[in-house]
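Letter by letter, the sequence shown follows residues 3 to 296 in my numbering. Yeah, the Cβ is synthetic: ideal placement off N, Cα and C, and Gly gets one too. Note that the coordinates shown come from a computational prediction; the quantities given were computed from them, not determined experimentally. To start, the structure under review is shown below, and the notes come after it.
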Amino acid sequence: MIELIEVTKQFDAIKAVDAVSIKVYPGRICGFLGPNGAGKTTSIRMLMNIIHPDSGTILFNGSVERPPAYQIGYLPEERGLYQKISIFETLQYFAHLRNVQDAHRKIKEHLQRFGLGDRHQSKVSELSKGNQQKLQFINTILHNPQYVVLDEPFSGLDPVNQLLLKEILEEMKQAGKTIIFSSHQMDQVERICDDVALIDQGRLVLAGNLDDIKKDHGNTQLQIIPENASDLEHEFFQSQASEIRSGSAYFNLIGNNKSKLIDQANKKFDLRTVRVAEPGLEEIFIHLVKGNQV
Numbered sequence: 003m004i005e006l007i008e009v010t011k012q013f014d015a016i017k018a019v020d021a022v023s024i025k026v027y028p029g030r031i032c033g034f035l036g037p038n039g040a041g042k043t044t045s046i047r048m049l050m051n052i053i054h055p056d057s058g059t060i061l062f063n064g065s066v067e068r069p070p071a072y073q074i075g076y077l078p079e080e081r082g083l084y085q086k087i088s089i090f091e092t093l094q095y096f097a098h099l100r101n102v103q104d105a106h107r108k109i110k111e112h113l114q115r116f117g118l119g120d121r122h123q124s125k126v127s128e129l130s131k132g133n134q135q136k137l138q139f140i141n142t143i144l145h146n147p148q149y150v151v152l153d154e155p156f157s158g159l160d161p162v163n164q165l166l167l168k169e170i171l172e173e174m175k176q177a178g179k180t181i182i183f184s185s186h187q188m189d190q191v192e193r194i195c196d197d198v199a200l201i202d203q204g205r206l207v208l209a210g211n212l213d214d215i216k217k218d219h220g221n222t223q224l225q226i227i228p229e230n231a232s233d234l235e236h237e238f239f240q241s242q243a244s245e246i247r248s249g250s251a252y253f254n255l256i257g258n259n260k261s262k263l264i265d266q267a268n269k270k271f272d273l274r275t276v277r278v279a280e281p282g283l284e285e286i287f288i289h290l291v292k293g294n295q296v
């Protein structure tokens, strides 16, 4: 388990991180969220011992003693690859630093899985942004770390490789790894994470189980899609729907009004879809961040 307890960091007059406390459990994936400048990367850099907190405590499995470097895999947002050597040499070099056993075979297997097997002699500088991101991710996990810290891991990846990355994160989760990643891509976080922590203006806004957060925040809505899209311009939808978007009308469910709304809509229109829609993570995120700015 990774635990941040009342961690604070200030740069001159700016308090970048303000008494943040987060727990990240083994065998679970925690998404670390927040708008630009919220303090996410500063928190991660403190976690990685790149910078030191002004106050507070960071624990690994309940101890202030940091685990050996080979037990930690870190993917920074900025790329730190040597551009003038080959892909294979890059991974071989870092594998040697981490004393990875049977490194040659493991490197070949990872490159093949990420579609880079035939590029192993290419220089890093010859790779696209997406392929450099794949290489950097391979370097993060090649030594089979227990703690995995990822800062914007999906950056530059196409949908196919995003899916592959999610598969590997799920495998690591099943193997009991402790995984935390920062991302702006709410849809990815919602599909992958067990837990989330939202930071804004250096302060923790909320943290916990994703399903519980979705139940406790935002309004559950009734989504209605009429057979004819033009019906959305009808007075019924215009006057009562909380929002009309992407061919759907969304009604906030208050008390026992669900049955009444469905009955009224059925009498007036041919309906294609009627379903209860939970609030999405992006909706909750925007609502809480805006509220925090008031």
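When the five nearest sequence neighbours on each side are left out, the beta carbons in the same chain lying within less than 7 Å of the beta carbon of Asn-101 are those of Tyr-72, in order along the chain.
No Cβ-Cβ contact shorter than 7 Å links Ile-194 with Val-150.
Beyond the five residues adjoining it in sequence on each side, Phe-96 comes within less than 6 Å, by CB distance, of Asn-141 in the same chain, given in chain order. By the neighbour-count criterion, in which a residue is buried when 16 or more other Cβ atoms sit within 10 angstroms of its Cβ, Pro-70 is exposed. Inter-residue distance for Gln-94 and Gly-178 is about 26 Å (C-alpha atoms, whole angstroms). Within the region 101-156, the complete alpha helix (DSSP H) segments of 4 residues or longer fall at 105-115 and 131-143, listed in chain order.
DSSP links Gly-33 through a beta bridge to Phe-183 and Val-198. Val-278 counts as exposed, since fewer than 16 other C-beta atoms from the protein chains shown sit within 10 angstroms of its C-beta. By the CB criterion at 7 Å, Glu-5 and Lys-25 fall inside the cutoff. Residues of the same chain with a CB within less than 6 Å of the CB of His-145, apart from the 5 flanking positions on each side, are Tyr-72, Arg-100 and Val-102 in chain order. Annotated three-state conformation of Arg-68 is coil, per DSSP.
Counting only the Cα atoms, His-186 lies some 19 Å from Glu-172.
The beta carbon of Glu-79 lies closer than 6 Å to those of Asp-153 and Glu-154 in the same chain, with the five residues before and after it left out. About 6 Å separates the Cβ atoms of Leu-224 and Leu-263, confirming a contact at the 8 Å cut-off.
Under DSSP, the beta-bridge partners assigned to Thr-275 are Ile-227. Within the same chain, Thr-10 come within 6 Å of Ser-57 by CB-CB distance, once the 5 residues on both sides are set aside.
When DSSP states are grouped into helix, strand and coil, Ala-251 belongs to the strand group.
Residue state for Asn-211 is assigned as strand, using DSSP reduced to three classes.
The shortest CA-to-CA distance from Gly-132 to any of Leu-118, His-122 and Gln-123 is the one to Leu-118. Annotation for Gly-75: Thr-142, Ile-143, Pro-147 and Val-150 place their beta carbon closer than 6 Å to its own, counting only its chain and skipping 5 residues before and after. Under the three-state reduction of DSSP output, Gln-85 falls in the coil class, being neither helix nor strand.
Relative to Leu-200, the option among Gly-41, Gly-282, Arg-107 and Arg-247 whose CA is nearest is Gly-41. Per DSSP, the continuous beta strand (DSSP E) segment holding Ile-4 begins and ends at 4-13.
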